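Asker:
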Amino acid sequence: MREVRIIILEHILPTPEALIYNLAEAGADIHAIIAKPYFINAEVLQRLRNAGFYVLESSYGVTNKRRGWP
């Protein structure tokens, strides 16, 4: 797993948080976590950042414009 850089697009909630920690403990190189808008638990977000993960927050409007969607 160390040879693969992972970018995660996920809800920032307790269950996905556990998955992220499990992947990291298994040796995954988690390059970034993209938080799905409207599903962000502030406590989980802070714990992930405190653990050293880069978490990007973005709105659906910004994300869709980057993809060229209306």
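In the working numbering, the protein residues as written are 8 to 77. All C-beta atoms in this analysis are idealised placements derived from N, C-alpha and C, irrespective of residue type, glycine included. Quantities reported herein were computed from a predicted structural model and do not represent experimental measurements.
Below 8 Å between beta carbons: does that hold for Glu24 and Arg56?
Answerer: Working through the sequence shown from its first residue, we reach residue 24 at position 17. Working through the sequence shown from its first residue, we reach residue 56 at position 49. Cβ atoms of Glu24 and Arg56: not closer than 8 Å.
Asker: Alpha carbons only, please: which of Ile14, Ala42, Phe60 is nearest the one belonging to Leu20?
Answerer: Along the sequence shown, one-based indexing puts residue 20 at 13. With distances taken between Cα atoms, Leu20 lies closest to Ala42.
Asker: Just the Cα atoms here: how many angstroms apart are Gly34 and Arg12?
Answerer: Here residue 34 refers to the residue found at position 27 when the sequence shown is read from its first residue. Here residue 12 refers to the residue found at position 5 when the sequence shown is read from its first residue. Gly34 and Arg12: Cα-Cα distance of roughly 11 Å.
Asker: Should Ile14 be labelled buried (16 or more other beta-carbon atoms within 10 Å of its own) or exposed?
Answerer: Walking along the sequence shown from the start, residue 14 turns up at place 7. Exposed, because fewer than 16 other Cβ atoms sit within 10 Å of the Cβ of Ile14.
Asker: When the Cα atoms are used, what is the spatial distance from Leu63 to Glu10?
Answerer: Within the sequence shown, residue 63 is the residue found at index 56, counting from 1. Within the sequence shown, residue 10 is the residue found at index 3, counting from 1. Rounded to whole angstroms, Leu63 to Glu10 spans 22 Å at the Cα level.
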